[in-house]
Amino acid sequence: MTHVRGRIWRHGEPQDDFDFSAISDCLSGDDTLVWCDIYDPDHAILEDLADELHLNSWAVEDALAESERTKAVVYRTHTFFTVYAVTMTEPAAQEEPSSLLEVHRISGFVLPRGLITVRLSPHVDIDEVSRRFDELGGQEYGVGSLVHGLLDVVVDGHFAAVQALDDAIEGLEDDLFADETPTKGLQRKTFQLRKDLVALRRVVLPMREVVSAIQHRRLDAKTAPELDAVYADLYDHVLRASEWTESLRDMVTTVFETNLSLQDARLNVVMKKLTGWAAIIAVPTAITGYYGQNVEYPGIQTVTGFITSTALIVVMVVILYVAFKRRDWL
């Protein structure tokens with residue numbers, strides 16, 4: 025079911041008379057600013073809106089498509105963009121690791137005096153977008169500040185996701201050298217984190233082009249330069265999130281490779297110890313096997329022969345044990 029909400033400002037003052045059916049009339053006013061948010065849109069409703077506002081038909085199709093990449097496309101009368109907000113999920117109680125991320129697509133049509141956002145997911149804090157807009161003084165700077173408020177919330181979500189994955193990788197590093205951690209569980213966690221990082225990277229890296237395209241789109245030549253500083257700061261945050269994501273990718277790869285190296289090292293230690301004990305056990309086996317021959321030899325069926333064989337076993341075992349222990353083979 026389609027849900028529509030919005031805000032309208034006239035002469036820099038918020039109004040309470042937002043009417044979706046009259047949105048084209050609102051956008052035609054010189055001192056009017058409109059924000060319309062549409063959740064779970066019906067195709068027919070969005071098509072009618074596109075015809076009314078002269079939106080690009082391909083952009084409308086992209087706004088409704090299930091799978092679209094992060095992008096920004098500049099048209100003659102408006103700019104269309106698609107970004108992905110990221111929210112964190114609670115870790116699963118079961119042993120099987122699950123994804124820590126949920127991505128939610130947001131599409132937007134940036135008009136000279138308004139912004140229309142289209143969402144397919146309810147898990148986006150639209151109230152926070154509105155609050156950021158008011159903090160920036162959007163009534164003074166126009167639609168550019170409203171777009172900035174939306175992108176700022178999205179990028180902050182990216183930062184929170186990167187931080188959560190960073191903490192998860194640090195936990196992996198701690199488990200890596202813990203003797204009681206099951207190797208199988210550690211491998212599964214590592215692979216799941218790698219999948220989460222790949223998913224996050226797909227939505228974070230293209231944000232640079234989105235912010236840059238919107239920043240340099242002069243929809244209002246009078247007020248747009250005033251927003252250059254905040255957009256430059258937003259672009260810097262996007263770069264930091266991208267670089268952080270790349271560094272985490274290297275970290276999780278290092279954890280995976282280190283885990284394999286540790287498994288090889290532990291296997292070598294086990295084999296070394298088994299080889300040492302096998303050499304020690306071979307001594308009494310060889311001596312008792314020699315005295316078990318069915319031939320005549322000195323000391324056969326005598327106490328002296330038993331004492332001699334036992335002494336040889338003890339002496340050789342002690343010598344081998346001490347020698348292997350000094351070389352850290354046991």
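My numbering applies: residue 25 is where the sequence shown begins, and numbers increase by one. For each residue, glycine too, the CB sits at the ideal point set by N, CA and C.
What residue from the options has the CA that sits closest to residue i's CA?
i	options	result
L125	D55, L189, F104, Y99	L189
V254	G329, V228, V276, G168	G168
L286	D352, E197, I343, V235	E197
A310	P136, I337, H67, L272	I337
W33	L344, M340, R137	R137
V153	A302, G30, Y345	G30
F18	H182, L73, V110	As displayed, the chain neither begins before 25 nor continues past 354, which places residue 18 out of reach and without an answer.
L174	V235, G209, T278, W301	V235
M112	H182, F157, E85, A46	H182
R351	R155, D54, L258, T299	T299
A83	V127, Y63, L57, T141	T141
D149	G166, Y165, H128	H128
F348	A303, E114, K213	A303
Look up residue i in the DSSP assignment and give the residues it is bridged to.
i	result
C60	G30, I140
S123	According to DSSP, which records beta bridges pairwise, S123 is partnered with nothing at all.
M112	L125
V234	Per DSSP, none; premise fails for V234.
Helix or strand or just coil, what does DSSP make of residue i?
i	result
Q325	coil
R93	coil
R129	strand
V107	strand
L135	strand
E37	strand
V227	helix
V98	strand
E71	helix
S81	helix
F201	coil
F264	The residue asked about is misnamed: residue 264 is Arg in this sequence, not Phe. If DSSP states are grouped into helix, strand and coil, R264 belongs with the helices.
H240	coil
V222	helix
T247	At T247 the pLDDT is 48, less than 50, meaning the model places this residue with poor confidence; the figure from the coordinates comes in the next sentence. Correct three-state label for T247: coil.
Quick test of your reading: residue i and residue j, contact by CB under 8 Å. State the CB separation rounded to the nearest angstrom.
i	j	result
L51	P65	Not a contact, Cβ separation roughly 18 Å.
R273	L221	5 Å
V186	L224	7 Å
V179	L258	6 Å
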